[in-house]
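Input: a single structure, listed below in structure tokens.
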Amino acid sequence: MRVPVSWLREYVSFDMPPRELGDLLSMTGTKLEAVHRIGVPAGAELFRVGRVLSREQHPDADRLSLCTVDVGDGEPRQIVCGATNFDAGATVGVALPGATLPDGTVLRVAKLRGVESHGMMLSESELELSGDHAGLMLLEDGLEPGTPLSQVLPIDDQVLEFEITSNRPDCLSVYGIAREASASLDVDLAPWPGREPDASGDDSVDSWVTARIDAPDLCPRWAARVFTDVKVGPSPPWLKARVAAAGMRPISNVVDITNYVMLCVGEPTHAFDLDKVAGREIIVRRAGEGEGVITLDGQGRTLDTDVLVIADAEKPSAIGGLMGSQWSEVSDTTTTVLLECANFDGPNIQSSSTRLELRTEGSTRWEKGLDPHLVPRALVLASQLMVELTGARLVPGTVDLHGQLPEPAVVPLRRERLELLIGVPYEQAQIDRALTRLGYESADGGWRVPTWRANDTFREVDLIEEVSRIDGIWKVPTVMPPHADAIGKRDPDVRLRNRVIEVLLGAGLSEAVTVAFTDETLADRLRLPPGHPRRDAVRVANPMGADQALLRTLLFPGLLASARRNLDAGRERVALFEVARVVLPAPGEELPHQPVRVSGVIAGRDAGYHEIKGVAETLERALRVQLEVAASPEPFLHPGRSARLGAGGTLGELHPLVAREFGVEEQASLFEIDLAELETPDPTPLYRDVATVPPVRQDIAVVVASEVTAAEVLAVIRAAGGELLAAADVFDTYRGEQVGEGRQSVAVHLQFQAADRTLTDAEADAARETIVAALRDRLGGELR
Amino acid sequence: MNPDSVQSEGLQAIAVAPDTAALEQVRIALLGRKAPLVLALRELGSLPPEDRGPRGKVLNQVRQSLEAALDARESELEAAELDDRLRRDRIDVTLPGARVERGFAHLIEQTGREILEVLVGLGYRISDGPEVDTVYRNFDALNHAPTHPTRQATDTYYIDEHTVLRTHTSPMQIRTMQSQPPPVYMATMGRCYRRDTPDATHTAMFTQIEGLAVDRGLSLAHLKGTLLAFAREMFGADREVRLRPHFFPFTEPSVEVDVSCFNCARDGSPCRVCKGEGWVEVLGAGMVDPALFGYVEGYDPELWTGYAWGMGVERIAALRHAVPDIRWLWENDLRLMEQFG
Chain A
77 MRVPVSWLRE YVSFDMPPRE LGDLLSMTGT KLEAVHRIGV PAGAELFRVG RVLSREQHPD
137 ADRLSLCTVD VGDGEPRQIV CGATNFDAGA TVGVALPGAT LPDGTVLRVA KLRGVESHGM
197 MLSESELELS GDHAGLMLLE DGLEPGTPLS QVLPIDDQVL EFEITSNRPD CLSVYGIARE
257 ASASLDVDLA PWPGREPDAS GDDSVDSWVT ARIDAPDLCP RWAARVFTDV KVGPSPPWLK
317 ARVAAAGMRP ISNVVDITNY VMLCVGEPTH AFDLDKVAGR EIIVRRAGEG EGVITLDGQG
377 RTLDTDVLVI ADAEKPSAIG GLMGSQWSEV SDTTTTVLLE CANFDGPNIQ SSSTRLELRT
437 EGSTRWEKGL DPHLVPRALV LASQLMVELT GARLVPGTVD LHGQLPEPAV VPLRRERLEL
497 LIGVPYEQAQ IDRALTRLGY ESADGGWRVP TWRANDTFRE VDLIEEVSRI DGIWKVPTVM
557 PPHADAIGKR DPDVRLRNRV IEVLLGAGLS EAVTVAFTDE TLADRLRLPP GHPRRDAVRV
617 ANPMGADQAL LRTLLFPGLL ASARRNLDAG RERVALFEVA RVVLPAPGEE LPHQPVRVSG
677 VIAGRDAGYH EIKGVAETLE RALRVQLEVA ASPEPFLHPG RSARLGAGGT LGELHPLVAR
737 EFGVEEQASL FEIDLAELET PDPTPLYRDV ATVPPVRQDI AVVVASEVTA AEVLAVIRAA
797 GGELLAAADV FDTYRGEQVG EGRQSVAVHL QFQAADRTLT DAEADAARET IVAALRDRLG
857 GELR
Chain B
18 MNPDSVQSEG LQAIAVAPDT AALEQVRIAL LGRKAPLVLA LRELGSLPPE DRGPRGKVLN
78 QVRQSLEAAL DARESELEAA ELDDRLRRDR IDVTLPGARV ERGFAHLIEQ TGREILEVLV
138 GLGYRISDGP EVDTVYRNFD ALNHAPTHPT RQATDTYYID EHTVLRTHTS PMQIRTMQSQ
198 PPPVYMATMG RCYRRDTPDA THTAMFTQIE GLAVDRGLSL AHLKGTLLAF AREMFGADRE
258 VRLRPHFFPF TEPSVEVDVS CFNCARDGSP CRVCKGEGWV EVLGAGMVDP ALFGYVEGYD
318 PELWTGYAWG MGVERIAALR HAVPDIRWLW ENDLRLMEQF G
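If you read the protein sequences in the order shown, they are chains A and B.
Letter by letter, the first sequence follows residues 77 to 860 in this note's numbering.
Letter by letter, the second sequence follows residues 18 to 358 in this note's numbering.
What follows is the structure, encoded as structure tokens:
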């Protein structure tokens with residue numbers, strides 16, 4: 077919300093610099109976003125109101141006239157002027173020599189075709205009040221020559237821009253901000269703006285228009301007045317200047333008045349050319365399905381039955397709360413205006429605005445829910461301006477259709493509850509002052525909430541918030557909570573996650589974060605065949621783009637993309653990991669499954685199967701879990717260098733075609749597994765003696781068929797080794813001439829140990845022989 | 018064999034042996050199996066008994082003196098040789114060491130873990146929760162009006178009409194209160210999602226840390242005390258915090274929390290962190306709105322009060338380390354990560 081300071085000062089007075097007021101309001105709940113200077117850069121005192129005393133033709137130039145102008149300093153000044161839209165007696169704005177115009181031009185006494193000009197009469201565009209440079213800006217006639225122009229127009233002003241939270245549509249108005257300022261400063265607030273003008277004529281509004289509400293759920297109140305003899309034209313400079321300073325474009329007096337009322341008191345209003353309203357009949361109703369309208373922005377729009385329209389006897393004349401139609405638009409030839417002040421249902425306006433992709437200054441106010449009691453206040457202000465600025469006649473009477481309007485609630489407030497929640501002691505007078513300034517009234521049993529706050533304030537805690545923000549929050553002390561029973565700790569899954577991260581960082585992988593969105597093409601890039609279960613992903617209903625339509629079911633693709641970027645940046649080898657959630661469809665359940673996964677990727681040099689398996693094994697050892705590894709193909713992995721890791725994890729070298737797809741051709745490998753599989757079954761291991769009973773170590777090399785895996789060899793060894801076998805680890809494999817075609821040698825460290833005694837060589841030998849026999853019988857293995 | 022000459026010549030040879038290898042040859046010549054002295058000692062037995070004693074005594078004295086001289090000379094030579102080797106082993110100690118590969122923690126994650134560490138110290142239990150959650154927990158039970166703007170499909174990612182990508186970590190407030198009676202001191206970190214067009218301070222996916230405390234007699238002063246402790250741990254011991262009234266649907270009163278600038282003199286002069294304001298906005302907070310207690314069992318708002326806060330981890334990381342654009346944090350560029358890991 078942009079608030080011109082000169083406008084604000086009409087309702088509340090303050091001495092402090094505007095920025096200080098803005099900072100104060102920031103501390104009471106209306107956050108200052110920016111301060112803008114508007115008008116002339118400096119030297120505003122050199123801009124004055126002037127009266128043209130005479131206007132004559134310039135002796136040497138057809139297009140220039142020679143004027144004498146009274147600017148209040150005794151002697152009239154001679155000013156040469158190119159404009160033609162004025163005569164002697166006109167009241168104008170004058171810049172005196174030395175003045176700096178908004179565009180930076182510094183004015184000097186100049187000779188124009190031989191005649192000295194001691195100043196310049198101003199157009200609106202020269203003051204940057206509007207784009208109008210067709211002629212001089214003409215001011216109201218009553219102004220005294222010599223009056224500083226800054227008292228008439230905001231040429232030396234500041235605009236405070238505030239962030240307004242969604243619960244405070246009342247602050248989307250200059251008067252609403254003034255109320256906040258009045259409470260924050262503890263000074264008086266001027267009465268509501270607007271003075272009821274006199275109506276005239278023997279007719280009444282009912283003879284001009286008939287109206288009814290057919291959709292009271294969407295329009296709790298619809299009111300209007302009729303103005304005849306309207307002269308549509310440009311607004312006076314002050315009105316244009318205010319509307320422009322508040323961020324809107326001046327259009328014509330009637331439209332500017334509707335915008336001014338909205339900016340001033342927060343109630344959007346709309347003007348219809350009543351002569352274009354068919355049958356002079358207004359029906360506030362839901363649109364018909366597929367009903368069309370051409371809105372003021374020239375767009376044809378198709379409506380549905382959830383959209384509220386202000387219709388005439390034949391067709392929609394406006395989309396309620398959103399935008400008028402071209403059919404009843406006020407134009408230069410309009411003479412009869414129907415001025416609407418209504419109240420619309422916020423949720424409905426919001427959904428219509430979203431569906432129609434039509435957001436306006438009005439809809440952003442309506443959707444937050446406005447006070448139906450604003451209607452008469454806005455009508456008064458609008459009527460005053462219509463009569464004063466367009467020369468209109470106000471037709472007696474007001475159309476005002478509404479059912480039972482909500483009565484302001486009375487809400488109790490306990491001082492001790494206020495003190496408990498805020499942690500600050502209060503005097504009753506502080507409470508009274510804050511609430512009264514904000515428009516609350518003391519009533520039996522509590523405080524009567526002002527109607528413009530009814531949506532947001534209906535409980536004791538809401539009053540506590542009101543009091544504390546005006547008086548208290550800045551003095552809240554800092555106290556540590558008692559939390560006698562609270563013990564700081566991490567949940568087990570959080571501890572596990574941290575442990576996994578520590579281990580992987582220690583293993584030389586860097587931690588990455590990648591985005592959760594992916595797209596339809598990923599499954600193809602991963603070579604997943606149609607119907608593959610990994611193709612099944614949760615879809616986002618409203619993605620930002622088609623490339624973000626799905627939620628990831630795998631972490632490593634994101635890591636591959638990050639690896640690629642780092643390889644491009646000149647690295648020879650990149651090792652990354654991520655611990656994050658994936659999202660897996662779970663039909664019939666409240667939410668999809670979202671297991672936390674860990675994935676690691678190595679790419680570039682030394683990035684093969686053994687390297688990534690080494691990382692997985694480091695995790696395994698550090699977390700004291702056993703993860704079975706068995707050859708198992710994945711479409712995206714090298715068919716001969718991929719494995720299942722644990723129950724549901726995967727491990728392997730990237731398939732060359734996928735590697736090419738991701739731009740990591742040199743070499744890349746990965747693992748990915750649910751974190752739950754790394755949860756150690758034995759978080760508190762018991763002491764195991766390693767010193768007093770030494771193990772007996774023996775190595776064997778067994779020659780088996782080359783299809784036999786190391787895991788199978790170890791499984792046979794472990795089964796045969798019995799209780800005395802403490803450990804068995806493969807430390808070498810060999811294929812070649814010495815073992816023959818189709819055969820391989822697998823070398824294994826064996827470690828025999830008894831818990832209670834040192835084994836004799838004979839005992840160890842016997843155990844070893846059992847193992848050798850089992851390898852021979854089960855795998856056809858021969859000792860090498 | 019003349020013992021005296023063996024001794025004198027032997028001592029002479031020992032004294033001039035140039036290195037330990039030569040000394041070993043001298044030892045063999047003097048005391049080896051075939052050395053005259055050793056042979057003479059071995060022959061003692063064949064001497065007449067009356068000669069054995071005096072002869073043996075002389076020979077043993079010679080042997081002992083040679084042995085002592087050999088040992089002494091050996092120590093001397095070894096020391097010299099060690100000195101020599103150490104001299105030759107000298108290297109350019111300013112050359113780089115052998116590279117040990119290690120991983121770098123991600124700035125967002127390590128900042129988050131550091132914050133959680135502070136909160137553990139303040140007595141909070143750290144929990145984790147899902148990122149796809151119900152509209153009920155993300156909005157309804159957090160007291161968002163049906164028209165609250167963030168509910169709109171322009172702002173929030175929907176899976177279906179009942180399910181969203183959470184827009185904040187606040188659904189964990191509801192999950193926690195649904196799962197345990199008060200008192201509660203809970204904090205959580207996790208990813209959140211909003212349909213923001215990415216810019217220097219926004220990404221569609223971001224990281225929040227949420228805190229929730231519900232206990233008897235908790236007030237805004239306790240919230241401020243907690244956040245002051247947090248701010249001083251993260252931003253420096255002489256920080257102050259400031260509460261500014263704001264609006265959030267699930268807290269009442271609600272505040273935005275500023276930390277006194279840690280980068281400048283706070284005298285209004287230009288500062289890239291606080292833009293001369295002297296204060297930096299770091300998080301949103303407030304007293305738990307009693308409406309939330311209506312959505313869970315066992316939380317009587319007359320007995321229990323609480324506070325909650327939520328903060329963007331990327332923002333705090335960016336502030337502390339002067340990262341100008343948080344989108345960079347999502348690139349996983351190791352050249353950046355190495356600066357912080």
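Ideal Cβ positions, reconstructed from N, Cα and C, are used throughout, including at glycine.
What's the C-alpha gap between residue i and residue j?
i	j	result
A:Gly-126	A:Cys-417	39 Å
A:Ala-777	B:Gly-140	57 Å
A:Lys-187	A:Thr-181	17 Å
A:Glu-687	B:Asn-349	21 Å
A:Ala-599	A:Arg-610	8 Å
A:Glu-783	A:Val-822	12 Å
A:Pro-152	A:Gly-222	11 Å
B:Ala-308	B:Leu-159	8 Å
A:Ile-847	A:Pro-761	29 Å
A:Leu-40	A:Met-556	In this structure chain A extends from 77 to 860, so residue 40 of chain A is not present and cannot be described.
A:Ser-675	A:Phe-653	5 Å
B:Gly-2	B:His-239	Outside the displayed span of chain B (18 to 358) sits residue 2 of chain B, for which this structure offers no information.
A:Val-263	A:Tyr-516	15 Å
A:Trp-268	A:Arg-469	23 Å
What is the C-beta distance between residue i and residue j, in whole angstroms, given that I count them as a contact (C-beta under 8 Å)?
i	j	result
A:Leu-497	B:Met-304	6 Å
B:Leu-48	B:Arg-80	7 Å
A:Thr-412	A:Lys-307	So it is not a contact: roughly 12 Å between Cβ atoms.
B:Glu-93	B:Asp-36	In fact, because the Cβ distance is near 11 Å, the residues do not count as touching under 8 Å.
A:Gly-396	A:Val-360	7 Å
With DSSP as the reference, please indicate the residues paired to residue i in a beta bridge.
i	result
A:Met-92	Looking at the DSSP assignment, A:Met-92 forms no beta bridge with any residue, so it has no partner.
A:Ser-745	A:Ile-678, A:Glu-729
A:Glu-357	A:Thr-286
A:Ser-586	A:Leu-652
B:Met-304	B:Tyr-324
A:Gly-126	A:Val-168
A:Lys-352	Partner(s): none; A:Lys-352 has no beta bridge.
A:Trp-550	Answer is none; A:Trp-550 lacks a bridge partner.
Kindly say whether residue i, judged by its beta-carbon, lies nearer than 9 Å to any beta-carbon of chain B.
i	result
A:Pro-224	no
A:Ser-102	yes
A:Arg-811	no
A:Gly-115	no
A:Thr-57	With chain A running from 77 to 860 in the structure shown, residue 57 of chain A is simply not present.
Starting from the C-beta of residue i, find all residues in its chain whose C-beta is less than 8 Å away, skip the five residues before and the five after it, and write them out in chain order.
i	result
B:Leu-87	Ile-31, Leu-40, Val-43, Arg-44, Leu-47, Leu-48
A:Val-285	Ala-300, Val-302, Leu-350, Val-353, Arg-356, Glu-357, Ile-358, Leu-414, Val-475
B:Gly-73	Leu-58, Leu-61
If we define contact as Cβ-Cβ less than 9 Å, is residue i a contact residue for chain A?
i	result
B:Met-222	yes
B:Ser-236	yes
B:Gln-169	yes
B:His-165	yes
B:Asp-150	yes
B:Pro-262	yes
Please work out which residues of its chain come closer than 6 Å, Cβ to Cβ, to residue i, disregarding the five sequence neighbours upstream and downstream, and give them in chain order.
i	result
A:Arg-601	Glu-737
For residue i, which residues in the same chain have their Cβ closer than 7 Å to its Cβ, ignoring the five residues on either side in sequence?
i	result
A:Arg-184	Pro-173
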